[in-house]
RNA sequence: GUCCCUAUCGUCUAGCCUGGUCUAGGACACCACCCUUUCAAGGUGGCGACACGGGUUCGAAUCCCGUUAGGGACGCCA
């Protein structure tokens, strides 16, 4: 039976690279009708695990990556928190020592350091002398009497090669000498990752360890533990990591400043920030940026689009298929088609997927999304009144594919604010109302015509505008843009006739009057 | 420094295992033009890659060796 797992650390946010790894694990399990386990790696955690875990679990749920066992839901191999499994790890460490596969060591950090430096100076590979290895209880007591504190180290082979048949990399071999006698238990008795992960994977009957490439070099010491205990090794598959925008470096939250300088990444960040600001979200760049899943959730991305993008970051079915439904991804996903080279994060491509998925949605669905943002930004009452809903529907319909992410609806705030509260872009006013000769006079006479038009619909408006521009001897664009700026405050937007119809005659006239008054002043 | 991994358009990739159908396909991005009422969208077209050097072979993006470049790991972090 296929069992995969993902083991996040409770860090307070869900990293996009981690999600890609989790997705591949999830897909592999689902493809084989197996189970996906969500285990929590909180061995090194001192702060509030629950609070730091919540956004991560929320992220998984939002993306639709459900887990069969693990955090919050438990399961037959509980507990799924490493912090609660220390006794079990210690038990395994004892067994390792008994089997002669690990030993108590009393070297100090300084002594180790100097051995290391010496090796480096002589240009040879560092191999610990095992000078402070305690063979017997008497040895231990002697060291302890001398005030030393002991750790437990793996007693790794110093000859031969370690062979790993990785499902993605193929056969990887390394010399055992190159490996260190890694510490598996600290002086305070707590156990370390390299041991814990093996014990957990074994106890939880994980059949396939699918993880990022950065773990490839820890694998030999983990294989050693499996073998030393006589445990069956799981299959390993090391995924290429997700690289930062425009380079092959591993994506990292610490280098955010740099990513923001990448035009595409920076633009996405700006766009999201504008939305967050209007929603009144108190966001810091550390917790709210395009490397964090919450960013997409908060700004109105569709989880399906994010997942589809992530799927194709290191995996492809063939030379043309780009869109995958959840069932299709599950049906097609195999490890064999995972790429070996790192793939860099491309914000533009992610938005392209989002845009595509968004346009495939009905107007009603898109309106429902938009409404959430309108409510939260206070542009419509919460819950939205029927008239507000109606207006939102018409705006979303008219905006069409201009609304790529849910939060984009805020760009059309001018349809929801009070007429008197409408702000006009000064540059647009200058360009279309003040600068063109006769613009004001034309707007004034057009205003009278707008008052007369009957019915006040798009077709009639178009006829009127065309006739008016012709009579005045100006381009239709000049007239349209002048009215657009007067009524919406912006020089850009969707069709003007639809815009005026959505606002209605009364409000259109009022806004034209306001604009005329403002320009005259 | 040592060990390991990787290498096809700017980006994501198909092709590589099982050499010929590859004057290397698709998508995103970009550029131009068309459409047009601004902004999008749409239509048409364009730019654009097998890292390099040897070998094997009638034939190499594909197989082998080397070089170079990039990356990762070398913790009482995970």
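In the working numbering, the protein residues as written are 369 to 889.
Where is the CB? At the ideal position from N, CA and C, for every residue including glycine.
What you are looking at is a predicted structure, and each value in this text was computed from that prediction instead of being measured.
Range covered by the beta strand (DSSP E) that runs through residue i
i	result
residue 404	403-406
residue 844	No beta strand (DSSP E) contains residue 844, which is instead part of the alpha helix (DSSP H) from 844-856.
residue 607	603-607
residue 890	The requested residue 890 is not part of the displayed model; the chain covers only 369 to 889.
residue 578	576-580
residue 374	371-374
Option nearest residue i by Cα separation, candidates the options
i	options	result
residue 537	496, 604, 518, 551	604
residue 393	652, 766, 706, 517	706
residue 468	522, 534, 455	522
residue 654	676, 869, 647, 626	626
residue 632	777, 851, 715	715
residue 844	856, 831, 855, 778	831
residue 699	399, 782, 546	399
residue 630	577, 660, 615	615
residue 636	692, 720, 622	720
residue 390	681, 847, 454, 842	681
residue 778	488, 693, 857, 647	647
residue 380	372, 395, 817, 424	424
residue 775	746, 799, 485, 798	746
residue 708	373, 610, 491	610
residue 528	574, 592, 486	592
Backbone secondary structure at residue i - three-state DSSP
i	result
residue 534	strand
residue 687	coil
residue 620	coil
residue 834	helix
residue 769	helix
residue 712	strand
residue 410	coil
residue 550	coil
residue 594	helix
residue 764	helix
residue 502	strand
residue 472	strand
residue 793	coil
residue 822	coil
residue 882	helix
residue 785	coil
residue 514	coil
residue 443	coil
residue 438	strand
residue 660	strand
residue 706	strand
Residue range of the alpha helix (DSSP H) that includes residue i
i	result
residue 494	No alpha helix (DSSP H) contains residue 494, which DSSP labels as neither H nor E.
residue 677	671-679
residue 450	Note, residue 450: premise wrong, no alpha helix (DSSP H); not H, not E.
residue 585	Note, residue 585: premise wrong, no alpha helix (DSSP H); not H, not E.
residue 860	First-last for residue 860: undefined, no H or E at that position.
residue 633	631-647
residue 489	477-489
residue 391	384-399
residue 428	417-431
residue 699	694-700
residue 651	First-last for residue 651: undefined, no H or E at that position.
residue 777	First-last for residue 777: undefined, no H or E at that position.
Cβ-Cβ separation, residue j to residue i (assumed contact under 8 Å), whole Å
i	j	result
residue 476	residue 516	7 Å
residue 563	residue 405	That pair is no contact at about 18 Å.
residue 403	residue 437	6 Å
residue 483	residue 496	7 Å
residue 766	residue 863	6 Å
residue 526	residue 544	6 Å
residue 710	residue 613	Rounded, the Cβ-Cβ distance is 12 Å, inconsistent with contact.
residue 762	residue 643	About 21 Å; that fails the 8 Å criterion.
residue 606	residue 583	7 Å
residue 722	residue 773	6 Å
residue 388	residue 678	5 Å
Same chain only: Cβ atoms within 8 Å of residue i, ignoring 5 sequence neighbours per side
i	result
residue 565	375, 409, 590
residue 624	653, 654, 657, 659
residue 463	597
Cβ neighbours of residue i in the same chain (closer than 7 Å, five flanking residues each side left out)
i	result
residue 386	376
residue 868	829, 855, 876
residue 865	826, 829, 830
residue 802	887
residue 812	884
Proximal residues to residue i (C-beta, below 6 Å), its chain only, five neighbours per side dropped
i	result
residue 725	670, 672, 673
residue 588	530, 542, 547
residue 427	382, 661
residue 323	What the structure shows of the chain is the stretch from 369 to 889, and residue 323 is not part of that stretch, so it cannot be assessed.
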